[in-house]
Amino acid sequence: MKKEINPEDFASCPLPISSHDTIQLAHGSGGKIMNDLVQKLFLWAFDNNELNRQDDNAVIKINGNRFTFTTDSFVVDPIFFPDSDIGELAVNGTINDISIGGAVPLYLSVGLIIEEGFPLEDLRKIVVSIKNAAHRAGISVVTGDTKVVNKGKGDKIFINTSGIGVIKHNFKIGPEYIKPGDMIIINGGIAEHGIAVLSKREGLTFETTVISDTAPLNDLIAKIVETGAESVHAMRDPTRGGVAATLNEFAASSNVGIRIIEDKIPVKEPVRGACEILGFDPLYVANEGKLVVVASKEKADAVLNAMRGHPLGKEAAIIGDVISESPGMVSMQTGIGGWRIIDMPVGEQLPRIC
Amino acid sequence: MCLAIPGKVIEIFSENGLKMGKIDYSGTVNTACLEYVPEVKAGEYIIVHAGFAISAIDEAEAKKTLELWDEMTEKAAEEGLDIFGMPLDENRDGEK
Amino acid sequence: MKYIDEFRDPILAKKILAEIKYVTTKDWVIMEVCGGQTHALIKNGIDRLLPDKIELVHGPGCPVCVTPLELIDKALKIASLSDVVFTSFGDMLRVPGSKKDLFIIKSEGGDVRIVYSPLDALKLARENPDKKVVFFGVGFETTAPLTAMAIHQAHNEGLRNFYLLASHVLVPPAITALLESPKNMVQAYLAAGHVCTVMGWEQYIPISEKYKVPIVVTGFEPIDLLEGILMVVKQLESGSHKVENQYARVVKRTGNRPAQELISRIFMISDRKWRGIGTIPQSGLSLRPEYSAHDAELAFGLDDITVEEPPECISGLVLQGLKKPHECKAFGKECTPQTPMGATMVSSEGTCAAYYTYGRYNSRISK
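The listed protein sequences derive, respectively, from chains A, B and C. In terms of this note's numbering, the first sequence is residues 297 to 650. In terms of this note's numbering, the second sequence is residues 400 to 495. In terms of this note's numbering, the third sequence is residues 61 to 427.
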């Protein structure tokens, strides 16, 4: 009865994943359906070496110097959520995307699309958040744009931030350098941002002490890079789709297998409680201040110590490793010693989370 | 959908004529209807399904379920055996 | 987390697994009825930890999966009406009807809202007197007391704009139907813990006696499931057949009386069609005539629709435990959670969805 099926049959689906001819919410969720859109439409249309790396930022060489360039748009709902808002999110999110290759963030642009009737006082609060977040991260907002759309044609405010950073090290950091034997490290408790945002969403009535973990990771990353060459192979901040999405992206783009251990993954108690009542798996819930680090086996402890010495990495933990078997797949040893696959998230678990 | 989870009643109040409670799930608080557990008091634990308590949790029964295994292990260990009557083996105990 | 962590204790799990291995001497086929139990078993990897002699077969315990296609189509029709606020639990939104699902209706402008509890839907009815608020009540006996309370309140408050589209099914008739089938290979059952929390376990005694099958009421955490399996295997090995209660911290023999009383006041037992299985007599709940003013099927005057299921889909056989998901030609190919063809891939509690999501029977995985 326990018949094996051919893995090639299992993994390739001849039908396109999207069976609709309109854009669905899932296309923005960071999961399989969005990936499919990116592969089939955007990569096909724009096709170049840099884009095809499919990292969260682009690395550009100008006159022998390496720069990173990235863009991100923020449509979080609600715009004010426990202990933060869309403004701070917009700055930290882009700073993090710039920093994950070890680049030092320098400049940001801020583009605002505001709905007619949006209260000026709310706009002021958001702009002050942007200012404070930029200051905290040590960067400047050097250019921007403002558009206003008719009432009903935009939901309060959408923000786009783009950023430039400079890579001062000459280490090889990127998903292409991940290899079997590497260790997977996370800097702290997961799923906080997603739960914090959801707790304030209309229609859901739960109270929680969980606050968004939004934070600029550039300083923590600088400490990690200081541990030297060959210590870190790749880094990424697990936002939409959670840690599950990031690990699956690494496994797929680097053609390696990834194993994690459920017991080692830090999740704070209130987050666990919220995930239990909502029926969510914390691995799939968004983060905004978390860093997944793929470190070399030899330097993993040094990287872990460097992280634990930083305020944003006090609870850093090794959660798994990279293997050569089952390339493209992420598996997890469960709390009671069983195992299961951590699949790429399908569509949306939590729409408009960042 | 059989998803129901345990939570602690921290407050009882009335809403629209129904007995309601504020339930704490390790730091997340949500309301639930307590009409089906009329005898439950604050401080006690219940099982909640989609916003309704469907049963109180019997602490004694919960303990029984878990402690049975401890008893079995202790009793057997006294005789130098594991719970299946096999001699206690260092290697087996150390296995994790 | 109290009452959760203790029942996920890995050391205790190992002890129970060791004892299961010790007492199992023959091959046994066990069915866990509830979809929540199916998912918990696979999510925790218990199916792979059990000795090979024990085969787990997954039952029809997924109320979303067994909701007839016609009813989904009716729900979609109602949801697209402009004066309707259509509410349901989250997992119904992706269930495909013949052509669309609730998500698409929402993107086309339908007022479709996820609610956590039927009382939230009731609140919407109070706050929107000019709208018709419909609640899609899908569930086993666990959920029936909730919709019963919502209807009871609506009736008492004179909330004429609150309606129920009901898809409530009962477990004992389904188990009986499976046992009556000549193809049945299942020798013992893990009864659904939360269904029994409401209904008690007395209904299972005549079933156990008539068909000579052990039935153990089981919870949902890893320790519960392992203990339930152990209790069932012990009965099988000793040739006994009775009803036992593993989930005693929550389930009482007579269940929850206030809940049962309200269910029988608001609902009556009727024949129900189960998607993938067919009509099982006296296996569903319908609103009593006194409450028919709140019955969405009557209020919206929908004619009976019959729909064809895709021929490749073997959901029915999976639901009855006669086939495993990977034995389906379409599994993982035409049929995935993104493009589900049938009931069991559709729902988060469905067996095919569990197998696909947790990577069962994919030989590319190393342990």
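All residues carry an ideal CB built from backbone N, CA and C; glycine is no exception.
Exercise. What did DSSP end up calling Cys125/C once you bin it into helix, strand or coil?
Worked result: The residue given as residue 125/C occupies position 65 in the third sequence. Of the three classes helix, strand and coil, the one that applies to Cys125/C here is coil, per DSSP.
For this session: Closer than 8 Å by beta-carbon distance: list the chain C residues that pair up with Glu320/A, in chain order.
Result: Numbered from 1 along the first sequence, position 24 holds the residue referred to as residue 320/A. Looking at the sequence provided, one finds Gln at residue 320/A rather than Glu. Neighbours of Gln320/A on chain C, chain order: Phe163, Ile164 and Ser167.
Problem set entry | Residues near Asn456/A in its chain [Cβ-Cβ closer than 6 Å; skip 5 each side] | As a working note, residue 456/A is residue 160 in the first sequence. Excluding sequence neighbours, Asn456/A sits near Ser369 and Gly407.
For this session: Express the C-alpha separation of Val83/C and Leu184/C in angstroms, rounding to a whole number.
Result: Counting from one through the third sequence, the residue named residue 184/C turns up at place 124. Counting from one through the third sequence, the residue named residue 83/C turns up at place 23. Taking the straight line joining both Cα atoms gives about 54 Å.
Problem set entry | With 16 other Cβ atoms within 10 Å as the buried cut-off, status of Ile313/A | For the purposes of this step, residue 313/A is taken as the residue at position 17 of the first sequence. The pLDDT assigned to Ile313/A is 39, lower than 50, so where the model puts this residue is not dependable; a value taken from the coordinates is nonetheless given after this. When all chains shown are included, Ile313/A counts as buried.
Problem set entry | Beta-carbon proximity check, Ile517/A vs Gly398/A, cutoff 8 Å | Residue numbering aside, residue 517/A sits at position 221 when the first sequence is read from its first letter. Residue numbering aside, residue 398/A sits at position 102 when the first sequence is read from its first letter. Cβ atoms of Ile517/A and Gly398/A: closer than 8 Å.
Problem set entry | Ile482/A beta carbon less than 8 Å from that of Ala612/A | Stepping through the first sequence from its first residue, residue 612/A is reached at position 316. Stepping through the first sequence from its first residue, residue 482/A is reached at position 186. Going by C-beta atoms, Ala612/A is nearer than 8 Å to Ile482/A.
Exercise. Mind pulling the chain A residues with CB within less than 8 Å of Leu402/B?
Worked result: Locating residue 402/B in the second sequence gives position 3, counting from the first residue. The answer, in chain order, is Gly575.
Exercise. Considering only residues of the segment 131-163 of chain C, which uninterrupted beta strand (DSSP E) runs meet the minimum length of 3 residues and lie entirely inside it, listed in chain order?
Worked result: 144-148
Exercise. Should Trp88/C go down as buried or exposed, given a rule of 16 or more other Cβ atoms within 10 Å for buried?
Worked result: Position 28 of the third sequence, counting from 1, holds the residue named residue 88/C. Trp88/C is buried by the Cβ-count criterion.
Exercise. Does the beta carbon of Glu412/A come closer than 8 Å to any beta carbon on chain B?
Worked result: Mapped onto the first sequence, residue 412/A falls at position 116. Cβ-Cβ to chain B under 8 Å: no for Glu412/A.
Exercise. So what does DSSP say about Glu300/A, is it helix, strand or coil?
Worked result: One-based indexing of the first sequence puts residue 300/A at position 4. Any reading at Glu300/A must be qualified, since the residue scores a pLDDT of 32, below 50, and its modelled position is unreliable; the value itself is stated next. The answer is coil: DSSP assigns Glu300/A none of H, G, I, E or B.
Exercise. What residues are listed by DSSP as bridge partners for Asn429/B?
Worked result: Sequence index remark: in the second sequence, residue 429/B carries index 30 (1-based). According to DSSP, Asn429/B bridges with Ile422/B.
Exercise. Looking only at DSSP bridge pairs, what is Tyr249/C linked to?
Worked result: Here residue 249/C refers to the residue found at position 189 of the third sequence. Beta-bridge pairing links Tyr249/C to Met91/C and Ile275/C.
Exercise. What in chain A is Cβ-close to Met61/C, meaning under 9 Å?
Worked result: Residue numbering aside, residue 61/C sits at position 1 when the third sequence is read from its first letter. The contacting residues are Glu565, Arg568, Gly569 and Glu572.
Exercise. Any Cβ of chain C within less than 8 Å of the Cβ of Ala476/B?
Worked result: As a position in the second sequence, residue 476/B is number 77, starting the count at 1. Answer no: the Cβ-Cβ gap between Ala476/B and chain C never drops below 8 Å.
Problem set entry | Meets three-Cβ-pair contact criterion under 8 Å: the segment 545-552 of chain A and the segment 618-637 of chain A | yes
Exercise. Would you say Ser177/C faces chain B, with C-beta separation under 8 Å as the test?
Worked result: Locating residue 177/C in the third sequence gives position 117, where the first residue counts as 1. Answer yes: the Cβ-Cβ gap between Ser177/C and chain B drops below 8 Å somewhere.
Exercise. When you check each C-beta in the segment 94-119 of chain C against every C-beta of chain A, which residues fall closer than 7 Å?
Worked result: Ile102, Lys103, Asn104, Gly105, Ile106, Arg108, Leu109 and Glu115
For this session: Give the residues of chain C in contact with Ser413/B, contact being defined as C-beta atoms less than 8 Å apart.
Result: The sequence position of residue 413/B within the second sequence is 14, counting from 1. Correct list: empty, because the minimum Cβ distance to chain C is about 13 Å.
Problem set entry | Which of helix, strand or coil DSSP assigns to Glu115/C | Along the third sequence, one-based indexing puts residue 115/C at 55. Three-state result, Glu115/C: strand.
Problem set entry | Residues near Ala541/A by beta carbon distance below 6 Å, same chain, minus five either side | Walking along the first sequence from the start, residue 541/A turns up at place 245. So the list reads Gly326 and Pro641, once near-sequence residues are dropped.
For this session: Using a Cβ cut-off of 9 Å, pull out every chain A residue sitting near Lys74/C, in sequence order please.
Result: For the purposes of this step, residue 74/C is identified with residue 14 of the third sequence, where counting begins at 1. Those within 9 Å of Lys74/C in chain A are Ile632 and Gly633.
For this session: With DSSP as the reference, label Ser300/C as helix, strand or coil.
Result: In the third sequence, residue 300/C corresponds to position 240, counting from 1. Note: Ser300/C maps to coil in three-state DSSP.
For this session: Spatial neighbours of Ala602/A within its chain, please: CB distance less than 6 Å, with the 5 preceding and 5 following residues excluded, ordered by chain position.
Result: If you number the first sequence from 1, residue 602/A lands on position 306. Counting only Cβ-Cβ distances below 6 Å, and skipping sequence neighbours, we find Lys519, Ile520 and Thr523.
Exercise. Which residues, in chain order, does the segment 203-237 of chain C contribute to contact with chain B at a C-beta distance below 9 Å?
Worked result: Thr203, Pro205, Leu206, Met209, Gln213, Asn216 and Glu217
For this session: Evaluate the contact criterion for the segment 106-118 of chain C versus the segment 301-320 of chain C: three or more CB pairs, one atom per stretch, below 8 Å.
Result: no
Exercise. Which term fits His254/C, buried or exposed, when burial requires 16 or more other beta carbons within 10 angstroms of its beta carbon?
Worked result: Counted from its first residue, the third sequence places residue 254/C at position 194. With 16 or more other Cβ atoms within 10 Å, it is buried.
Exercise. Below 8 Å between beta carbons: does that hold for Met259/C and Glu201/C?
Worked result: The residue given as residue 259/C occupies position 199 in the third sequence. The residue given as residue 201/C occupies position 141 in the third sequence. Yes, these two residues count as a Cβ contact at 8 Å.
For this session: Evaluate Pro534/A with the Cβ neighbour count: other Cβ atoms within 10 Å of its Cβ, from every protein chain shown; 16 or more gives buried, anything less gives exposed.
Result: By 1-based counting over the first sequence, the position of residue 534/A is 238. Flag for Pro534/A reads buried.
For this session: State yes or no: is the beta carbon of Arg325/C nearer than 8 Å to at least one beta carbon in chain A?
Result: Along the third sequence, one-based indexing puts residue 325/C at 265. False, the Cβ-Cβ gap to chain A never drops below 8 Å.
Exercise. Out of Phe163/C, Ser330/C and Thr236/C, which has the shortest C-alpha to C-alpha gap to Gly344/C?
Worked result: Numbered from 1 along the third sequence, position 284 holds the residue referred to as residue 344/C. The option with the nearest alpha carbon to Gly344/C is Ser330/C.
Exercise. How long is the line joining the alpha carbons of Leu347/C and Gly105/C, rounded to whole angstroms?
Worked result: Within the third sequence, numbered from 1, the residue matching residue 347/C stands at position 287. Within the third sequence, numbered from 1, the residue matching residue 105/C stands at position 45. Those two C-alpha atoms are separated by around 40 Å.
Exercise. Considering only C-alpha positions, which residue in the set Ala78/C, Lys62/C, His354/C and Pro397/C is nearest to Gly218/C?
Worked result: Within the third sequence, the letter at position 158 stands for residue 218/C. Selected option, being the one with the closest Cα: His354/C.
Problem set entry | According to DSSP, residues forming a beta bridge with Gly440/A | Working through the first sequence from its first residue, we reach residue 440/A at position 144. According to DSSP, which records beta bridges pairwise, Gly440/A is partnered with Val406/A.
For this session: Helix, strand or coil for Lys333/C, going by three-state DSSP, please let me know.
Result: Here residue 333/C corresponds to residue number 273 of the third sequence, with the count starting at 1. Looking at Lys333/C - three-state DSSP - the assignment turns out to be strand.
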